[in-house]
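For reference, the structure discussed in these notes is given below.
In my numbering, the protein residues as written are 16 to 369.
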């Protein structure tokens with residue numbers, strides 16, 4: 016009884032995932048020029064070990080989460096989350112590594128199999144925009160029906176133009192995102208905008224002193240009625256490469272043509288449905304991307320799309336399986352006009368969540 020009571024509490028959580036399946040690539044994507052198929056078994060990187068901390072009054076808290084990946088002959092641990100927050104009424108101030116409302120994962124599709132096979136997960140880069148977890152400082156005000164969040168974030172793209180050397184990268188401001196939240200009955204949306212200006216100083220090296228913007232605007236919608244859920248995210252922007260993860264860096268970055276910057280314009284979206292029947296869910300979705308740049312020599316635009324269907328089954332609260340088939344069409348090379356191929360994966364993910 017003489018022991019001083021603790022000023023905080025904590026809890027632990029873990030997620031252990033394992034994929035097993037078959038991946039097939041068309042000849043356009045293989046080194047041999049022939050269609051290639053192969054089995055894969057691995058622990059994808061969205062497995063994790065998590066710790067959460069709370070003050071007694073729950074107004075101050077934090078989260079640390081480590082990602083676990085095993086793709087033999089290598090295994091690795093990565094930092095997913097590390098942040099603290101302070102709540103005052105309907106306001107929250109947060110600082111640390113995390114994602115935020117922009118591109119919120121509340122709208123993600125249930126495409127899980129194949130993260131280590133060409134980074135397929137949640138149709139990222141195939142219709143779904145997510146800004147990833149980065150160090151940031153964010154302010155949030157929200158009620159049960161609406162809210163607003165503003166964040167100053169570390170840019171992900173800190174590189175220069177291809178081949179540029181002896182230059183200094185510069186940022187006038189950090190990456191910024193502004194996102195709103197609205198809820199009404201079965202309807203929810205988080206429209207938002209993300210912006211960062213990149214640049215470099217060439218000095219007397221003879222290279223051009225250039226800057227360029229990454230801009231992304233998203234409109235997600237979620238509608239749930241009983242056992243049925245409909246999810247949608249549409250996006251528009253420019254120069255996503257590296258700044259928005261999982262987007263092809265060859266075709267979604269700006270192009271330096273002489274001394275002029277040509278922006279790559281990007282738009283697309285994803286649509287998915289989910290229907291829950293007891294322990295079984297039937298879900299599927301399709302994503303579409305269209306990228307355009309006037310400097311490309313054969314066509315000034317290229318399109319790609321991906322689709323999936325899955326039938327997750329939850330045996331117990333802590334164990335479930337996720338059978339899935341997904342297909343990806345890579346579109347035409349805008350510089351040559353040649354087909355860049357297609358790919359499909361068929362597999363099962365074993366999911367242990369505690």
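The beta carbon of each residue, even a glycine, is placed where N, CA and C say it ideally should be. None of these values were measured; they are calculated from a predicted model.
Taking buried to mean at least 16 other C-beta atoms within 10 Å of its own C-beta, is residue i buried or exposed?
i           : result
residue 117 : buried
residue 48  : exposed
residue 355 : buried
residue 73  : exposed
residue 253 : buried
residue 16  : Confidence is the limiting factor: at residue 16 the pLDDT is only 49, short of 50, which leaves the residue's position unreliable, though a coordinate-based value still follows. So residue 16 counts as exposed.
residue 154 : exposed
residue 262 : buried
residue 293 : exposed
residue 328 : exposed
residue 279 : buried
residue 59  : buried
residue 89  : exposed
Looking at residue i: is its Cβ nearer than 8 angstroms to the Cβ of residue j?
i           : j           : result
residue 112 : residue 148 : yes
residue 168 : residue 190 : yes
residue 362 : residue 35  : yes
residue 143 : residue 248 : yes
residue 163 : residue 195 : yes
residue 273 : residue 285 : no
residue 146 : residue 192 : yes
residue 233 : residue 213 : no
residue 330 : residue 33  : no
residue 124 : residue 137 : yes
residue 56  : residue 40  : no
residue 63  : residue 80  : yes
residue 231 : residue 187 : no
residue 255 : residue 229 : yes
residue 160 : residue 98  : no
residue 86  : residue 131 : yes
residue 304 : residue 271 : no
Kindly list the residues whose CB is nearer than 6 angstroms to the CB of residue i, restricted to its own chain and excluding five residues on each side of it in sequence; keep chain order.
i           : result
residue 129 : 135 and 360
residue 91  : 84
residue 150 : 112 and 169
residue 122 : 235, 237, 246 and 248
residue 44  : 356
residue 173 : 184
residue 42  : 48, 49 and 50
residue 152 : 110 and 167
residue 165 : 154 and 193
residue 295 : 328
residue 277 : 270, 308, 309 and 310
residue 208 : 193 and 232
Got a sec? Which residues, its chain only, sit under 7 angstroms from residue i by beta carbon, not counting five neighbours each side?
i           : result
residue 368 : 30 and 333
residue 442 : Residue 442 lies beyond the stretch modelled for the chain, which goes from 16 to 369, so this question has no answer here.
residue 119 : 205 and 235
residue 105 : 156, 157 and 158
residue 185 : 214, 215 and 216
residue 15  : Limits of the chain in this structure are 16 at one end and 369 at the other, which puts residue 15 out of reach.
residue 46  : none
residue 102 : 74
residue 297 : 290 and 326
residue 282 : 250, 251 and 305
residue 95  : 63, 80, 81, 82 and 148
Can you give the beta carbon distance from residue i to residue j, rounded, assuming they're within the 8 angstroms contact cut?
i           : j           : result
residue 204 : residue 197 : 5 angstroms
residue 257 : residue 319 : Going by Cβ atoms, the distance from residue 257 to residue 319 rounds to 18 angstroms, so no, they are not a contact pair.
residue 54  : residue 343 : With 8 angstroms as the limit, residue 54 and residue 343 do not qualify as a contact, their Cβ atoms being about 18 angstroms apart.
residue 69  : residue 22  : The pair is not a contact, with the Cβ atoms about 10 angstroms apart (cut-off 8 angstroms).
residue 27  : residue 78  : Going by Cβ atoms, the distance from residue 27 to residue 78 rounds to 11 angstroms, so no, they are not a contact pair.
residue 311 : residue 269 : Rounded, the Cβ-Cβ distance is 13 angstroms, inconsistent with contact.
residue 61  : residue 82  : 7 angstroms
Residues in its own chain within less than 8 angstroms of residue i by CB, not counting five upstream and five downstream?
i           : result
residue 315 : 307, 308, 309 and 349
residue 201 : 238, 239 and 240
residue 358 : 38, 39, 40, 41, 44, 133, 342, 343 and 345
residue 353 : 43 and 347
For chain B, find out if any of its Cβ atoms is closer than 8 angstroms to the Cβ of residue i; answer yes or no.
i          : result
residue 43 : In summary, chain B is missing from the structure at hand, where a single protein chain is found.
(request) May I ask you to verify whether the stretch 336-343 touches the stretch 310-327, counting CB pairs closer than 8 angstroms and requiring at least 3? (result) yes
(message) Closer than 8 angstroms is the cut-off here; do at least three beta carbon pairs connect the stretch 233-251 with the stretch 286-296?
(response) yes
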